[in-house]
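Asks:
Residue numbers (our numbering): 7 to 277.
1. Counting Cβ pairs, one atom from each stretch, are 3 or more of them under 8 angstroms apart for the segment 138-157 and the segment 225-245?
2. Identify whether residue 143 lies in helix, strand or coil by the three-state DSSP scheme.
3. For a quick check, are the C-beta atoms of residue 211 and residue 187 less than 9 angstroms apart?
4. Are the beta-carbon atoms of residue 70 and residue 28 separated by less than 9 angstroms?
5. Have a look at 106, 130, 60 and 203 and flag the residue whose alpha-carbon is nearest the alpha-carbon of residue 45.
6. Quick one: measure Cβ to Cβ for residue 8 and residue 31, integer angstroms, because I've assumed they're closer than 8 angstroms.
7. In this structure, does DSSP put residue 89 in helix, strand or coil?
8. One question on the structure: do residue 270 and residue 138 come within less than 9 angstroms of each other, judged by their Cβ atoms?
9. State the start and end residues of the unbroken alpha helix (DSSP H) segment that holds residue 200.
10. Relative to the alpha-carbon of residue 162, which residue among 10, 273, 26 and 16 has its alpha-carbon at the smallest distance?
11. Helix, strand or coil for residue 363 per DSSP?
12. Quick check: residue 142 and residue 110, are their CB atoms within less than 9 angstroms of each other?
13. Could you check what DSSP says for residue 60 in three-state terms: helix, strand or coil?
14. Between the Cα of residue 199 and those of 215, 12 and 165, spot the shortest distance and give me the residue it belongs to.
15. Would you call residue 104 buried or exposed, if buried means 16 or more other Cβ atoms sit within 10 Å of its Cβ?
16. Using the C-alpha atoms, what's the distance from residue 194 back to residue 91?
17. Ignore the nearest five residues each way along the sequence and tell me which others in residue 170's own chain have a CB closer than 7 angstroms to its CB.
18. Might you give, ordered along the chain, the residues of its own chain that have their beta carbon closer than 8 angstroms to the beta carbon of residue 63, omitting 5 neighbours on each side?
19. Which residue wins for smallest C-alpha separation from residue 33, given the options 49, 77, 12 and 55?
20. On the three-state DSSP scale, how would you describe residue 133?
21. Return the first residue and the last residue of the beta strand (DSSP E) that residue 242 is part of.
Dropping the structure here:
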């Protein structure tokens, strides 16, 4: 049974992520861990906060069942935590052996640089034990026909991440579209990493798309997503290597500010 974590602050933003997850996994047996961080450990009113949180979590599940319909394969754990938001959720995910965390990002009018708030960016950094799926608030659920995977292959793609990508591809019989930006042409290790990865996904993938940088990497990726009608974008989070450039310097933040499709971030899992 899949274990899926959906943090919630009871906003429309977080509800949209939960709704999307319920639709995406409608044919899978899942336990949804709906987690609300209602106070910190030192809050003198934390017990009252937990009671109020529990009531709202109960109402949230009723709303979800009303909106998507009852599903005998879906089960719900409603959890109120008194802890630091990011560390508490990350620790819970690891203890429960969560397979995926689903987060919503904010609507354009809510914050200038959408992302999904600083807390969620910290979650991406803290949640090293499972993939994170970021769901744009302004999208309607639809079938995922094409999943784009982009990397410069400086590091090998871990087998666990290959399996995760294949799993998502299998959910709705999606085609994986490998995309690379033209660089590292003289890097033999990167070429080998790419060849190994493309071989591992060959049964479910289209031909690789290799693009020059048109107007910065972000705009190149966004244009690719738009022109190739991509339904989900996937990357690996390398905090100290290639994606130091992508995440540490804010490119993933900028991507998610403008990205109109779900964004799957895989953890840096050693082979």
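Backbone N, C-alpha and C define an ideal beta-carbon position, used for all residues, glycine too.
Replies: Result, derived from the coordinates:
1. yes
2. coil
3. no
4. yes
5. 60
6. 7 angstroms
7. coil
8. yes
9. 194-206
10. 273
11. In the structure as shown, the chain starts at 7 and stops at 277, and residue 363 therefore has no counterpart that could be examined.
12. yes
13. helix
14. 165
15. buried
16. 42 angstroms
17. 137 and 272
18. 14, 40, 42, 84, 85 and 86
19. 77
20. coil
21. 238-242
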